[in-house]
Amino acid sequence: MPLATIVLLVVGAVLVVLIAIMIVNTIRQKPTPLTKPLPPSQAKPEEGAVERFQEMLRLATIWGAELPDPDHSAFDEFIPMLRRLYPRVFEQLELTTFDTYGIMLRWKGLDSDAQPVILMAHQDVVAVNPDEWTHPPFAAEIADGRIWARGTADTKCILAALFEAVEKLLAEGYTPPRDVYLCSSNCEEDMGETAPHMVDYFREREITPLLVLDEGGAIIDNAPLGVRKPFAVIGVAEKGICAALLTVDSAGGHAATPSLNDATSKLVLGLNNMLTNPPKAQLPAPIKAMLDELTAYAGIGLRLVFGNFWLFKPLILKVMKGGSETAAMVRSTYALTELKGSKAINVIPKQATAGVNIRIDPSESVEKVLARLKSYFNDEAQTEVVHATEPSPISPFDDDVYDYLRRVIHCVYPEVGIAPYIQSSASDARHFALICEHTYRFAGFLFKADQRSAIHAKDETLDVESYLRGLGFYYEFIRNLKHLDGFGKEDALVV
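Residue numbers (our numbering): -15 to 479.
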C-alpha cells in the first residue's frame, strides 16, 4: 500500500476518533445533579409582608460618609421600626449593636457547639437624585407590579426577608439546630467599618462560622452566552478593588504650542496603553464551572465548543472577551473614571490627573495590578492609592455545604439552573470571608435585567411577585438547617 494512502488512512482514523470524542463530550454536558433534593417549598408569605417591606423602604437610610453633615435621623428610627414590625424577633433573639446602628441578632440554636450560620444584608442605601425618578425614591409606591424605591434590590429586600422568615418560624415554635446570626451593616455602601467590627466580635470569641450568606448573586433572567433558562448565580468569591489617582507633571504652556511631553499628552498616551492592552484573559475555576453549567442548557454549537474545552480554549477566551460583562469574568479590569486637566481650554496644564478603578481577579493581588498600572505609564505618573482591598478567597463550590445552598434554591426555584461565579462588585462578605471558608453571595430573589442595571441608578425596583417568592427562600434556608447536622463542629479556630 502506498505511503500516501497509509498517511491518509491514519489521518482519517485520527479525525474519526477526534470527532467521536467531541461528540461524546458534547452529549455529556449536563448540569450538576442534586444528590438529595429537598421537597418542593410550600412556604406562603405572611399577611402584610409587602406593607412591612414598604415601611422599611420609606426610611431614607443614606449613610453619606462623603457629605459634610450627613443626616442619620433615618437610622435612629430604623431599629425602633423593626421592633414594632417584628416583635417576636426582638423578644426572643439577642441584639447587639455595632457603631450605634449596625445590627446583629443572635438566635440561639439547639447545639451551641455547632458552628453558627450568618445571614447578612445592609440597611444603608446609596444617595439619589429624586428628579430623575419615575416615582419618588422613598415613597415605595407599587406600580406596574413593581415596588419602586431605593433599596428594593440593594439590599433591604434581603433584610426584610430575613426578618419575615424568622418571625414566621418563631410563631411556628421552630428552634434552629445551630445558632443563627442576622447581621446588617449601616455603612456598607461607603465601605465603612461596621462589618469589620462584627468580624472582630467573632474573632475575639473564637467563633468560626460554618456558612455566611450575603448579597451578590441572584436569580437572573438573562444568563450569559444566550442561555434562555433563568439561572441562580452564586458568588463564591469577589474581586479585589484598587482605586488609584495617576498624576503627570510638565512645564505647561500655551495651547498653540503643544507637544507629546505635555502632562495631558503623557497622561492620555498612558491611558490609551492601559485601555488597549488589558491583562491576559484566563478562566478561573469558578468561571469554568459556571460555563459548564450554562452550556448544559445551551444550543448544540455552544455545547460542542464548551464541552471540548481542551480543544477550543482559545476560541472560548475570545468569546468571553467579546462582551464587557463576560470579559470582566476572565481578567482584572482597569476602568478610567475621572479626568482632570486645565481649567481653561487654551491652556496646557502643568498637571493632569486621572482616576482609575481596578477590579482585581482572584489570581492577582493589589501589588501586581499596581505594578502593571505603573508600567502602562512607563513609571512617569505618580500613583496614589485611594483605597485597596485584596480579592477574597474562593469558597468551595463542590462540597456538601455549598450543595446545601443549591438544594434550598432548587426547592424554591425548581425551574432554574445553578452556577457559581466571581463577583465583580464589593460586599461586606469580603470581611467575613477572612473567618469563614464557606462565604457565599446570593440574594434569593429574581432580579430582572433592567432591575439589576438600576441598582445604584435611578428607578430601582423589585417585582412584588419576586419579593414574595424570595421570602420562601430564606424561610426554607433556615427551616432546613438540620440537613447541615454533622458539619461544622467547633474543631477549628478563627485565623
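Glycine is no exception: its CB is placed at the ideal position from the N, C-alpha and C atoms.
Since this is a predicted model, take the numbers as computed values, not measurements.
In DSSP terms, what residue i is bridged to
i: ARG130; result: ALA127 and ASP447
i: LYS324; result: THR337
i: HIS106; result: SER169
i: THR80; result: MET88
i: ASP198; result: ARG425
i: ALA228; result: VAL340 and VAL369
i: HIS238; result: VAL331
i: LEU430; result: ILE203
Residue i versus residue j - alpha carbon distance
i: TYR397; j: TYR451; result: 13 Å
i: PHE215; j: THR231; result: 43 Å
i: GLY201; j: LEU195; result: 16 Å
i: THR486; j: ALA44; result: Residue 486 lies beyond the residue range present for the chain, which begins at -15 and ends at 479; the question has no answer from this structure.
i: LYS213; j: ASP205; result: 7 Å
i: ILE102; j: ILE5; result: 45 Å
i: PHE296; j: PRO333; result: 49 Å
i: ALA433; j: ILE203; result: 10 Å
i: LEU267; j: VAL314; result: 5 Å
i: THR84; j: GLN335; result: 43 Å
i: GLY135; j: PHE59; result: 14 Å
i: THR279; j: ILE46; result: 41 Å
i: LEU197; j: VAL385; result: 12 Å
i: VAL340; j: ASN261; result: 15 Å
Simplified DSSP state of residue i, which is helix, strand or coil
i: HIS119; result: coil
i: LEU18; result: coil
i: GLY135; result: coil
i: GLN47; result: Inspection of the sequence shows that residue 47 is occupied by Trp rather than by Gln. Note: TRP47 maps to coil in three-state DSSP.
i: ARG212; result: coil
i: PRO298; result: helix
i: ARG343; result: strand
i: ARG189; result: coil
i: GLY32; result: coil
i: SER411; result: coil
i: CYS420; result: coil
i: GLU156; result: coil
i: PHE471; result: coil
i: HIS371; result: strand
i: PHE290; result: helix
i: GLY285; result: helix
i: GLY401; result: strand
i: GLU222; result: strand
i: VAL73; result: helix
i: ASP55; result: coil
i: VAL385; result: helix
i: VAL314; result: coil
Assumed close pair residue i, residue j - CB separation to whole angstroms, cut-off 8 Å
i: TYR318; j: ILE342; result: 5 Å
i: THR445; j: ARG130; result: 4 Å
i: TYR281; j: VAL211; result: 5 Å
i: ILE225; j: THR373; result: 5 Å
i: GLU199; j: ARG436; result: No, GLU199 and ARG436 are not in contact; Cβ-Cβ is about 12 Å, not under 8 Å.
i: ALA137; j: PHE457; result: That belief does not hold up - the Cβ atoms of ALA137 and PHE457 are roughly 15 Å apart, past 8 Å.
i: GLU30; j: GLU148; result: 6 Å
i: LEU465; j: PRO160; result: 5 Å
Three-pair Cβ contact test at 8 Å for the stretch 167 to 186 versus the stretch 99 to 106: Judged by pairs of C-beta atoms under 8 Å, the stretch 167 to 186 touches the stretch 99 to 106, as three or more such pairs exist.
Are the stretch 177 to 187 and the stretch 111 to 130 in contact at 8 Å, needing three or more beta carbon pairs? The stretch 111 to 130 and the stretch 177 to 187 do not touch, with fewer than three beta-carbon pairs separated by less than 8 Å.
I want to know whether the stretch 365 to 384 touches the stretch 151 to 158 - three or more CB-CB distances under 8 Å. The stretch 365 to 384 vs the stretch 151 to 158: no contact.
Report yes or no: do the stretch 407 to 420 and the stretch 272 to 286 share at least 3 C-beta pairs separated by less than 8 Å? The stretch 407 to 420 makes no contact with the stretch 272 to 286: fewer than 3 CB pairs, one atom from each, lie closer than 8 Å.
When the Cβ atoms of the stretch 431 to 450 are set against those of the stretch 133 to 142, are three or more pairs found closer than 8 Å? Yes: at least three Cβ pairs fall under 8 Å.
So does the stretch 64 to 82 actually touch the stretch 29 to 49, counting three or more Cβ pairs closer than 8 Å? Using a Cβ-Cβ distance cut-off of 8 Å, the stretch 64 to 82 and the stretch 29 to 49 are in contact, since at least three pairs of beta carbons, one from each stretch, lie closer than that value.
Check whether the stretch 17 to 33 touches the stretch 390 to 407, taking contact to mean three or more Cβ pairs, one atom from each stretch, closer than 8 Å. The stretch 17 to 33 is in contact with the stretch 390 to 407.
Check whether the stretch 458 to 471 touches the stretch 248 to 262, counting contact only when three or more Cβ pairs, one atom from each stretch, lie closer than 8 Å. In short, these stretches do not touch, since the Cβ pair count stays below three.
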